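Novice: Position in the sequence shown counted from 1, then plus 41, gives you this note's numbering. To start, I am sharing the structure in question, which I have written as structure tokens.
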Amino acid sequence: MILSWREDRWQTEVSLFDAWNLDRDHREILSLTGGGGKTTVIRRLQKECMERHIFHGIATTTHMQYEKNESFLGIPSLESFLRIYEKYGTVWMGEPVSEEKMAGLPEEFLRQVIHAGAWLLLEADGAKCLPVKAPEEHEPVILPETTRVIQVYGLDGLDQPVNKQCFRSHKVAEILGKKESDQLTEADLAVLASSPQGGRKLVGDRSYHVILNKADTPQQLRRAMTVGEKMLEYGISQVAITSHLLEDTDKGRKIWHLEY
């Protein structure tokens, strides 16, 4: 399920490309930040790029899950990148640092890939699998060529103590003016997303999008809509609500129909 705010109401979307008005003929460098499912969003974007035959690669400027498959590139070689893409229609790039994690390849190489005409889907932030985060001084790591920043929040962080479900909980508490033992509220997510020390950090004049992920029940969907509408009041015009992004099922649509 994907919903976006259009014409003063929430509307269903077929794809993230539709939700964000992405044009296959206008190359984008997308940097994903925050918590709550960045890699899931990247996998969905990968699928949509492949369906549209868009020349692209997936990488990180920090660390992300190590993708062990035949389309993986572990060395900064443009020749190898092009060969893998030609064969598989997608390329995952990174330097394996453990069985589960990979680090980013050099920025100079990422620029070579960009200059070759590829879109890049970049994981530019880490959250230790927690649904909500605020960036530390050195975060996020936004590639200068980035055209859009997508900040992700997991709705499962709501009503939980900041120090239980938020990465960099001290930074979250600082931005919100709360104690780390306080619970995270719907209004708090809107404040975090709009803060230049939070979701908007290093966005600059780039397009800024927020994803409210894991709206997996009618209750969570209602709450996501409340949060999203509060974000609109804070000047964030591009908000999407998502659920079951990688499942070829009707689960998300059923949640929507239960609500409406």
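All C-beta atoms, glycine included, are put in the ideal place defined by N, C-alpha and C. Model, not experiment: these values are computed from the prediction.
By Cβ distance below 8 Å, which residues in the same chain neighbour residue 80 in space, the five residues on each side in sequence not counted?
Specialist: For this step, residue 80 is matched to residue 39 along the sequence shown. Hits under 8 Å: 105, 106 and 164.
Novice: From this set, 244, 193, 133 and 171, which residue's C-alpha is nearest residue 187's C-alpha?
Specialist: Your numbering for residue 187 matches position 146 in the sequence shown. The option with the nearest alpha carbon to residue 187 is 244.
Novice: Identify the residues that DSSP records as bridge partners of residue 275: which are they?
Specialist: Counting from one through the sequence shown, the residue named residue 275 turns up at place 234. For residue 275, which the question treats as bridged, DSSP gives no partner whatsoever.
Novice: In its own chain, which residues sit with a C-beta less than 8 Å from the C-beta of residue 275, not counting the 5 before and 5 after it?
Specialist: Here residue 275 refers to the residue found at position 234 when the sequence shown is read from its first residue. Result list for residue 275: 231, 232, 234 and 235, in chain order.
Novice: Is residue 237 buried or exposed, if buried means 16 or more other CB atoms sit within 10 Å of its CB?
Specialist: Within the sequence shown, residue 237 is the residue found at index 196, counting from 1. It counts as exposed.
Novice: Can you give the Cα-Cα distance for residue 88 and residue 201, rounded to whole angstroms?
Specialist: Counted from its first residue, the sequence shown places residue 88 at position 47. Counted from its first residue, the sequence shown places residue 201 at position 160. Straight across, the Cα-Cα distance linking residue 88 with residue 201 is about 32 Å.
Novice: Checking the sheet assignment: what are the DSSP bridge partners for residue 46?
Specialist: Here residue 46 corresponds to residue number 5 of the sequence shown, with the count starting at 1. Paired residue(s): 51.
Novice: Pull up the distance between the alpha-carbon of residue 145 and that of residue 84, whole angstroms please.
Specialist: What you label residue 145 is simply residue 104 of the sequence shown in a count that begins at 1. What you label residue 84 is simply residue 43 of the sequence shown in a count that begins at 1. Going by the C-alpha atoms only, they are around 17 Å apart.
Novice: For the pair the stretch 105 to 125 and the stretch 141 to 156, tell me if three or more CB-CB distances fall below 8 Å.
Specialist: yes
Novice: I'd like to know if the stretch 118 to 127 and the stretch 60 to 68 are in contact, where contact means that at least 3 CB-CB pairs between them fall below 8 Å.
Specialist: no
Novice: With DSSP as the reference, label residue 144 as helix, strand or coil.
Specialist: To locate residue 144, count along the sequence shown from 1; it is residue 103. In the structure shown, residue 144 sits in a strand (DSSP, three-state: E or B).
Novice: Which stretch, first to last residue, makes up the alpha helix (DSSP H) that contains residue 126?
Specialist: Here the question's residue 126 lines up with position 85 in the sequence shown. 119 to 129 is the extent of the alpha helix (DSSP H) around residue 126.
Novice: Could you have a look at residue 208 and say whether DSSP puts it in helix, strand or coil?
Specialist: Working through the sequence shown from its first residue, we reach residue 208 at position 167. Note: residue 208 maps to strand in three-state DSSP.
Novice: Between which two residues does the beta strand (DSSP E) holding residue 83 run?
Specialist: Along the sequence shown, read from residue 1 onward, the residue named residue 83 stands at position 42. In this chain, residue 83 is not harboured by any beta strand (DSSP E); it is covered by the alpha helix (DSSP H) spanning 79 to 92.
Novice: How big is the Cα-Cα spacing for residue 192 and residue 209?
Specialist: Within the sequence shown, numbered from 1, the residue matching residue 192 stands at position 151. Within the sequence shown, numbered from 1, the residue matching residue 209 stands at position 168. Residue 192 and residue 209: Cα-Cα distance of roughly 15 Å.
Novice: Would residue 196 and residue 264 qualify as a contact pair, given that the criterion is a beta-carbon distance under 8 Å?
Specialist: What you label residue 196 is simply residue 155 of the sequence shown in a count that begins at 1. What you label residue 264 is simply residue 223 of the sequence shown in a count that begins at 1. Yes, these two residues count as a Cβ contact at 8 Å.
Novice: Assign residue 69 to one of three DSSP states: helix, strand, or coil.
Specialist: Counting from one through the sequence shown, the residue named residue 69 turns up at place 28. It is coil, neither helix nor strand.
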